Amino acid sequence: MNQRNERLLQIVNQRKRIEVNELAALLDVSKVTIRKDLTQLEQRGLLRRQHGVAIINNPNDLKFRLAQNYDTKRQIATAAASLIEDNETIMIESGSTCALLAEALAQSGKHVTIITISFFIANYVRDYDNITVMVLGGAYQADAQVAVGPITKATLANFHTNKLFVGVDGYAADYGFYGNDIMRADTVQAMAQNAEQTYVLTDASKFTAPSTVRQLGWQQVNHVITDAQLPTAIARRLRQHVQLTVVPK
């Protein structure tokens, strides 16, 4: 995604609904160029168009979350992708930043096998021949497009990887990382038990987000990759427990 598209997406997310003509004026490009940009972004599910206006996606849709803080999440995903070797097998949980990690790997040309609970991620990189995806079965959660529950955990027993990459919904200094769904959190814990190292990928906003379900304690996490908006006090706390990467460096 080029800088203009990133700025366009930022404007649409801020305004929620904006006319194409106004977008063209704000970005100082022609309406033809804006329409081409909007077509590309709509095809990727990052926004939608309707009668001459650009509109954000449904907030309950995973594609909406993918578009939030897109540039920051992309930087986090790129940093995570640099840690993965050609011909490596990894586990990726779910969520928007994890989807961008899968895409970054696909675009890097590395041959990687991804074991995941996310049908969204499998679909997101379906056009890349260098990526092999194994989707675990289980109880399907339509909003998050993931499989969770006892069947998923039983299937996980057949796999073991060196690296697991997960997203989180919240944080608490006395425990670690939280999620918003108890079934997903339970499945993430099972994934962590079958990986040598667990990497948390999250933008800094999650460190002040409400926390409801315990997902991964300090002893279960090895590395956190986040962005430069992380508060200094929280960064100090993280470094007491895990390796911390902050982007951009």
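Position one of the sequence shown corresponds to residue 8 (our numbering), numbered consecutively onward.
Every residue, glycine too, gets a C-beta built ideally from N, C-alpha and C.
Bear in mind that the values here come from a model prediction, so they are computed numbers and not experimental data.
Q. Who are the near neighbours of residue 36 in its chain, counting only those whose CB is closer than 6 angstroms to its CB and skipping five residues on each side?
A. none
Q: Could you tell me the distance, in whole angstroms, from the CA atom of residue 109 to the CA atom of residue 128?
A: Straight-line measurement puts the Cα of residue 128 at about 7 angstroms from the Cα of residue 109.
Q | Start-to-end residues for the alpha helix (DSSP H) that takes in residue 223 | A | That residue, residue 223, is in no alpha helix (DSSP H); its beta strand (DSSP E) goes 220–224.
Q: Mind checking who residue 147 pairs with in its DSSP beta bridge?
A: 154
Q: Identify whether residue 26 lies in helix, strand or coil by the three-state DSSP scheme.
A: strand
Q.
Quick check: residue 61 and residue 39, are their CB atoms within less than 8 angstroms of each other?
A. no
Q. Bridge partners of residue 139, per DSSP?
A. 120
Q | Stretch pair the stretch 223–235 + the stretch 182–192: three plus CB contacts closer than 8 angstroms | A | yes
**Q.** Assigned exposure category for residue 218 - 16 Cβ within 10 Å defines buried
**A.** buried
**Q.** Residue closest to residue 139, alpha-carbon to alpha-carbon, out of 58, 202, 95 and 192
**A.** 95
Q: Identify which residue in 13, 247, 125 and 85 has its Cα closest to the Cα of residue 148.
A: 125
Q) Helix, strand or coil: how does DSSP classify residue 204 here? A) strand
Q: For residue 233, count neighbouring Cβ atoms within 10 angstroms of its own Cβ and tell me buried if that reaches 16, exposed if not.
A: buried
Q: Provide the residue span of the beta strand (DSSP E) that contains residue 232, from first to last.
A: 230–234
Q: Would you mind giving the Cβ-Cβ distance between residue 173 and residue 205, rounded to the nearest angstrom? I have them listed as a contact below 8 angstroms.
A: At roughly 6 angstroms, the Cβ-Cβ gap stays under 8 angstroms, so residue 173 and residue 205 are in contact.
Q. Is residue 104 helix, strand or coil by DSSP?
A. helix
Q.
What does the Cβ neighbour count give for residue 180, buried or exposed, with the cut at 16 atoms within 10 Å?
A. Around the beta carbon of residue 180, a 10 Å sphere encloses fewer than 16 other beta carbons of the protein chains shown; the residue is thus reported as exposed.
Q | Whole-angstrom distance between residue 97 and residue 171, CA atom to CA atom | A | 6 angstroms
Q.
With three or more C-beta pairs closer than 8 angstroms as the rule, is the stretch 238–255 touching the stretch 99–116?
A. no
Q. Taking Cβ positions only, does residue 250 come closer than 8 angstroms to chain C?
A. As a matter of chain content, chain C is missing from the structure shown, which is built from one protein chain.
Q) Are the beta-carbon atoms of residue 48 and residue 16 separated by less than 8 angstroms? A) yes
Q: Going by CA-CA distance only, name the one from 34, 165 and 55 that's closest to residue 9.
A: 34
Q: Take residue 75 as the anchor and find which of 83, 86, 53 and 88 has the nearest alpha-carbon.
A: Comparing Cα-Cα distances from residue 75 to each of 83, 86, 53 and 88, the minimum goes to 53.
Q: Between the Cα of residue 191 and those of 132, 156, 166 and 134, spot the shortest distance and give me the residue it belongs to.
A: 156
Q) Taking the alpha carbon of residue 83 as the point to measure from, which residue in 57, 72, 111 and 58 has its own alpha carbon closest? A) 111
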